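J.:
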Amino acid sequence: MKIYAALSAVTLTALVATTSFAVEPDEMLANPVLEERARIISQDLKCVVCQNETIDESSAPLAQDMRRLVRQRILAGDSNQAVLDYMVDRYGDFVLLRPRVTGQTLLLWFGPFVLLLLGGLIVARYIRRPSITTVQALTPEELAEVEALTRDPNTGNEP
Amino acid sequence: MSDGTPKTNSGRLTAIAPILIALLLVAVFAKRLIDIQGGLDPNQVESVLLDTPVPEIDLLPLPGRGPGLTTKNLKGEVTVVNIWGSWCVACLSEHPLLMKVAAENTVPLHGIAWRDEPEASLRWLARNGDPYNLIGQDPISEAAIAFGVTGAPETFVVDPEGVIRYKHVGPITITDWAETIAPLVEQLRQ
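Just so you know, the protein sequences line up as chains A and B, in that order. In terms of the working numbering, the first sequence is residues 2 to 160. In terms of the working numbering, the second sequence is residues 46 to 235.
Okay, here's the thing in structure tokens:
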């Protein structure tokens, strides 16, 4: 039983450990509700020096400073959107991990669906195309040939 | 219809569409590749801060080295602001140029010591020369984020009204200075 308890403790620790975060304990806000908001905002912001990481998971010094700034803005009373806007004002849309829907990003957002629709239309057309094997009546010569082949050679009569 | 290839116009279009699409993609990728060969850096992002007022900053000086750097210092004349750090290897490569600019006294050059120990900044300047007029410390990237900096070195040209007119990412070369920055400084003075 003791072994079982120890094993489950180890498993649980491993499970918890897989969600990595770069947020250091001393960065966190005392208020858990505000801290949770900071985490959510941080997951939408790109680490501008590492590009494919959020500032929430990056250990780059600049990402750490951006996390600190996010928490500062929250404490100053900013809404989540206001904090994101604050960063966009300085870094442009580039800083957002999920690009906003603008004229420039329309193709990015809807291009795949347009392509899927086009592909679907082409496939539908292909499937609905009339079959090319049409039934034609046999010519009199062909009929005679069939008759000759199916006649029983022993009796001379049809089977 | 019996030979299986419909000879209608739309049928022909369907047949050559994949080739047309492939050619179009080749053209798009080829243009991008040629642009990159020609010096376009795909990682470089146009700053949204161009033609906007410099951010409010109030940075502490390096100990024993005159006053720090505030927004007030970036108004009244054309200035150049350079973000650097003693840890920044690329900053060394543009340093001789900055020293030359300072020696010629063409334009006030201010520094922001980004995420650096003040002692380390001072040691670096003692070793490599100090081209800066004013220097402000930016230990927790307050100014760096306000300027939308993504890496050191970065250099900004600010006009007399305190509006950012140019941003250069990465080390400045002699060509960058002679062909872009110096003419811009001259033009903004008028």
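All residues carry an ideal CB built from backbone N, CA and C; glycine is no exception. All values derive from a computational prediction rather than experimental measurement.
So residue 210 of chain B is in the alpha helix (DSSP H); what residue range does that whole segment cover?
T.: Here residue 210 of chain B belongs to no alpha helix (DSSP H); instead the beta strand (DSSP E) covers 209-214.
J.: In or out: residue 150 of chain B buried (at least 16 other Cβ within 10 Å) or exposed?
T.: Looking at its Cβ environment, which holds fewer than 16 other Cβ atoms inside 10 Å, residue 150 of chain B is exposed.
J.: Is the separation between the beta-carbon of residue 217 of chain B and that of residue 195 of chain B shorter than 7 Å?
T.: No.
J.: Please classify residue 193 of chain B: is it buried, with 16 or more other beta-carbons within 10 angstroms of its beta-carbon, or exposed?
T.: Counting Cβ neighbours within 10 Å, residue 193 of chain B comes out buried, since at least 16 surround it.
J.: Below 8 Å, can you find three or more Cβ-Cβ pairs linking the segment 111-126 of chain A to the segment 57-69 of chain A?
T.: Too few Cβ pairs lie closer than 8 Å, so no.
J.: Only counting the same chain, and skipping five residues up and downstream in sequence, which positions put a Cβ closer than 8 Å to that of residue 96 of chain B?
T.: Only 208, 209 and 210 meet the Cβ criterion.
J.: Please decide whether residue 72 of chain A counts as near chain B, where near means a Cβ-Cβ distance under 7 Å.
T.: No - not a single Cβ of chain B is within 7 Å of the one on residue 72 of chain A.
J.: If contacts are defined as beta-carbon pairs under 8 Å, then residue 176 of chain B and residue 122 of chain B qualify, I think. What distance do you get, rounded to the angstrom?
T.: Wrong, their Cβ atoms sit about 17 Å apart, outside the cutoff.
J.: At a Cβ threshold of 7 Å, is residue 100 of chain A touching chain B?
T.: No, residue 100 of chain A does not count as interfacial toward chain B.
J.: Below 7 Å between beta carbons: does that hold for residue 138 of chain B and residue 166 of chain B?
T.: Their beta carbons are not under 7 Å apart, which means residue 138 of chain B does not touch residue 166 of chain B by this criterion.
J.: On the CB-based measure, 16 or more other CB atoms within 10 Å of its CB, does residue 110 of chain A come out buried or exposed?
T.: Under this definition residue 110 of chain A is an exposed residue.
J.: On the DSSP bridge assignment, give the partners of residue 202 of chain B in chain order.
T.: Residue 202 of chain B pairs with B/125 and B/211.
J.: For residue 103 of chain B, write down the residues that DSSP places opposite it in a beta bridge.
T.: Residue 103 of chain B pairs with B/115.
J.: With 16 as the cutoff for other CB atoms within 10 Å, does residue 120 of chain A come out buried or exposed?
T.: Flag for residue 120 of chain A reads exposed.
J.: Taking beta-carbon pairs under 9 Å, can you tell me which members of the segment 185-217 of chain B lie near chain A?
T.: Those residues of the segment 185-217 of chain B that come within reach of chain A (Cβ to Cβ, closer than 9 Å) are 185, 186, 187, 189, 190, 191, 192, 193, 194, 195 and 196.
J.: Below 9 Å between beta carbons is the criterion; list the residues of the segment 62-82 of chain B that meet it against any residue of chain A, in chain order.
T.: Hits within the stretch, in order: 62.
J.: Would you mind stating whether residue 31 of chain A and residue 72 of chain A have Cβ atoms separated by less than 7 Å?
T.: Cβ atoms of residue 31 of chain A and residue 72 of chain A: not closer than 7 Å.
J.: Output, in chain order, the set of chain A residues within a Cβ distance shorter than 9 Å of residue 160 of chain B.
T.: The answer, in chain order, is 62, 63 and 66.
J.: Tell me which residues share the same chain as residue 116 of chain B and place their Cβ nearer than 8 Å to its Cβ, disregarding the 5 neighbours each side in the sequence.
T.: Once the five neighbours on either side are set aside, the close Cβ partners of residue 116 of chain B are 99, 100, 101, 102, 103 and 207.
J.: When the Cα atoms are used, what is the spatial distance from residue 109 of chain B to residue 83 of chain B?
T.: Those two C-alpha atoms are separated by around 45 Å.
J.: Assign residue 158 of chain B to one of three DSSP states: helix, strand, or coil.
T.: Reduced to three states, the DSSP call for residue 158 of chain B is strand.
J.: Less than 8 Å between the CB atoms is what I'm expecting for residue 94 of chain A and residue 101 of chain A, so what's the real figure, rounded?
T.: 6 Å between Cβ atoms; contact.
J.: Which term fits residue 94 of chain B, buried or exposed, when burial requires 16 or more other beta carbons within 10 angstroms of its beta carbon?
T.: With 16 or more Cβ atoms within 10 Å of its Cβ, residue 94 of chain B is classed as buried.
J.: List the residues of chain B that residue 75 of chain A touches, going by C-beta distances under 8 Å, in chain order.
T.: Neighbours of residue 75 of chain A on chain B: none; closest Cβ ~15 Å, over 8 Å.
J.: Can you tell me whether DSSP reads residue 56 of chain A as helix, strand or coil?
T.: Residue state, collapsed to three classes: coil.
J.: Just verifying my parser: in three-state terms, what is the DSSP assignment at residue 69 of chain B?
T.: In this structure, residue 69 of chain B counts as helix in the three-state DSSP scheme.
J.: Grab the span of the beta strand (DSSP E) containing residue 180 of chain B for me, first residue to last.
T.: First-last of the beta strand (DSSP E) with residue 180 of chain B: 180-183.
J.: Between which two residues does the alpha helix (DSSP H) harbouring residue 153 of chain B extend?
T.: Where residue 153 of chain B is concerned, there is no enclosing alpha helix (DSSP H), given that its DSSP letter is neither H nor E.
J.: How would you write the range of the alpha helix (DSSP H) that residue 151 of chain A sits in, first residue to last?
T.: Looking at the DSSP string, the run of the alpha helix (DSSP H) that includes residue 151 of chain A is 141-151.
J.: Residues in the same chain with beta-carbon distance under 6 Å from residue 230 of chain B, minus the five sequence neighbours each way, listed in chain order, please.
T.: The residues are 123 and 152.
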